[in-house]
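Here's the structure, in C-alpha cells; my notes come after.
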Amino acid sequence: MNVVGARPNLMKIAPLMEAYASEPALEPLLVHTGQHYDDNMSDLFFRQLGIPEPDLNLGVGSGSHAVQTAEIMRAFEPVLLEHRPGAVLVVGDVNSTIACGLVAVKLGVRLVHVEAGLRSFDRGMPEEINRVLTDSISDLLFCTERSGVLNLRREGIPEERIHLVGNVMIDTLLRHRAAAESSRVLEELALPPGGYAVLTLHRPSNVDHPETLEKLLDALEVVQGDMPLVFPAHPRTRAKLAEFGLARRLGSLPGLLLLDPIGYLDFLKLLASARLVLTDSGGIQEETTILRVPCLTLRENTERPVTVEMGSNRLVGADPQRILAAYREIAGGEAPAFGVPPLWDGRAAARIVRILAEAL
Ligand code: UD1
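This is how it looks when you write it as C-alpha cells:
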C-alpha cells in the first residue's frame, strides 16, 4: 500500500507505480491522504505524471500539524485494517509520511521508507522530525545518497535494512524531460532562455516571520531589477504575504512575475532554461543538480549535501548580502561544470521494486 499526501510525494511515487508493472508478484494499491487537495497542487500532477487514480482518498486537508497528523492516522487505520497489505510504503518527509508510517507499525505492518536517511540536523524543521521518526520505525530504508546511509548507520539502523538505490524523483525528471522541452511556458511568459531566474519559497522558517520575509524581499528586489524573476508561489506563501501586508510591495516589482503554482512539465522547462534558481525547497536542490543549473538555497542547512558536493547548490541563508554576493558571482560568471550523484540514473524505482518483491 503506497501513500502520497503532498505535492513533492507525487514525483516520487510516479516511477514506483510504473515499476510495479514489471513485478507481477506485487499488487500495488495507492492511497492519497488529501494533505494537498488543490487541482494545481495535486490532480494536475497525477495527470501529467501518469499516476493511476488513487484507490482511496482520505480527504484530510489542511490543519495544524497535530490536527493534520492525527486526522490522517484516524482515517488511515480502518483502511489498513480492511486491506491488510503486506507492507506500507511512504515517501519523503511530509506529515502524511509519519502519520501513515506510525499507523502501519502499530498494526504490525511492515514499513518501507523511500528517501530515507536525509538529515538537515535542524530539529526546528517539521520535516526533520518526520524524517527521523519515520526512519526509526521503518523495516526497509531506501536512500538517495550516501550521506543518508551514513546517517542511518550512525543512528543504529541495522545494515540489512538500508539500501542505496538512487533517487526516484530523478527517475521522474529524466522520464519527462523530453515532454517538458515542448512546453511553451517561456514564450507564454516572454522569458529569454538562459536569461531569467526562478524563485520558490515556502519553508515556515522563511515565510512565517515578517522580518525574514522582508529581508528576502530586499534581495529579490535587486535580482528582479537585473533579470526577470519568475515566482510560482505556494499557497502558504501567498497567504503569509497578504497577512504581513507585503503583497503590495511584491506586486510593485516590475521584473517579478508572480504566478500560481504551475504544473510539472512547465516547471521543469522553467528550471532547465533558467540562468539560476533561488529556492528553499528540498527537491529543487536535486532537480537543478541534474539539470546543471546553479541553485542558491535560501537556507542555512541542507539534508541533501550531495547537491553541494556536486557543485550545483550553494547555501546562502536569508541574509540579503550573502544572497546577492552569490547571485552576482553566478550571474556574471561562466556556467561551471557540475557532477552527477551516483545512481541518479533513472532506474531507482526499478531497484526498489526488485528489492521489495524479494523482501515481501
Ligand atoms: C508540505 C510539507 C513540506 C513540503 C510542502 C510542499 C509537511 C510538514 N510539510 O508543506 O515538507 O515541502 O508540503 O508543498 O508535511 N494549501 C492549499 N492548497 C493545498 C494544500 C495546502 O491552499 O492543496 C494551503 C493551506 O492553507 C495550508 C497551507 O497551504 O494550510 C500549508 O499546507 P500544508 O500541507 O500544511 O504544508 P505545506 O506548507 O504545503
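-7 is the number of the first residue of the sequence shown in the numbering used here; add one for each residue after it. By construction, the Cβ of each residue, glycine as well, lies at the ideal position given by its N, Cα and C atoms.
- Remark: the shortest separation between the CB of serine 34 and any heavy atom of the ligand UD1 falls under 7 Å.
- By the neighbour-count criterion, in which a residue is buried when 16 or more other Cβ atoms sit within 10 angstroms of its Cβ, alanine 329 is exposed.
- Here the stretch 335 to 348 makes no contact with the stretch 118 to 128; the two share fewer than three CB pairs at distances below 8 Å.
- Three or more beta-carbon pairs separated by less than 8 Å link the stretch 168 to 181 to the stretch 250 to 270, which places the two stretches in contact.
- About 6 Å separates the CB atoms of leucine 2 and isoleucine 43; that is less than 8 Å, so the two are in contact.
- Alanine 13 is classed as exposed because its beta carbon has fewer than 16 other beta carbons within 10 Å across all chains shown.
- Contact annotation: proline 224 and tyrosine 188 have beta-carbon atoms that are not nearer than 8 Å.
- The Cβ-Cβ distance between histidine 155 and isoleucine 322 does not fall below 8 Å.
- Here the alpha carbons of threonine 192 and leucine 270 stand approximately 7 Å from one another.
- When secondary structure is reduced to three states using DSSP, histidine 168 falls in the helix class.
- Residue side-chain check: aspartate 85 places its Cβ nearer than 7 Å to a non-hydrogen atom of the ligand UD1.
- Relative to the Cα of proline 46, the nearest Cα in the group Met65, Ala58, Thr25 belongs to Thr25.
- Exclusion of the five residues before and after glycine 140 leaves Ala108, Gly109, Leu110 as the residues of its chain whose Cβ lies within less than 7 Å of its Cβ.
- A residue is called buried when at least 16 other Cβ atoms come within 10 angstroms of its Cβ; glycine 243 does not meet this threshold and is exposed.
- With the rule of 3 Cβ pairs closer than 8 Å, the stretch 91 to 107 counts as touching the stretch -5 to 10.
- Taken from the Cβ of alanine 6, every heavy atom of the ligand UD1 lies 7 Å or farther away.
- Counting other Cβ atoms within 10 Å of its Cβ, leucine 205 reaches 16 or more and is therefore classed as buried.
- If you draw a straight line from the Cα of asparagine 305 to the Cα of aspartate 272, it is about 11 Å long.
- In this structure arginine 228 is in contact with histidine 194, their Cβ atoms being roughly 6 Å apart against a cut-off of 8 Å.
- Shown here, arginine 111 sits in coil according to DSSP, grouped into three states, outside any helix or strand.
- Spatial neighbours of proline 118 in its own chain (CB-CB distance under 8 Å, excluding positions within 5 residues in sequence) are listed in chain order as His57, Asn87, Pro196.
- Selection Asp252, Gln216, Arg76, Ile254 evaluated against leucine 245 yields Gln216 as nearest (Cα-Cα).
- At least one heavy atom of the ligand UD1 sits closer than 7 Å to the Cβ of serine 54.
- Restricting attention to Ile121, Ala62, Gly274, the CA atom closest to the CA of leucine 307 is found in Gly274.
- When the five nearest sequence neighbours on each side are left out, the beta carbons in the same chain lying within less than 6 Å of the beta carbon of asparagine 159 are those of Thr136, Trp336, Ala340, in order along the chain.
- For histidine 57, there is no enclosing beta strand (DSSP E); the residue is found in the alpha helix (DSSP H) stretching over 57 to 75.
- Annotated three-state conformation of asparagine 159 is coil, per DSSP.
- For threonine 204, the enclosing alpha helix (DSSP H) stretches over residues 202 to 218.
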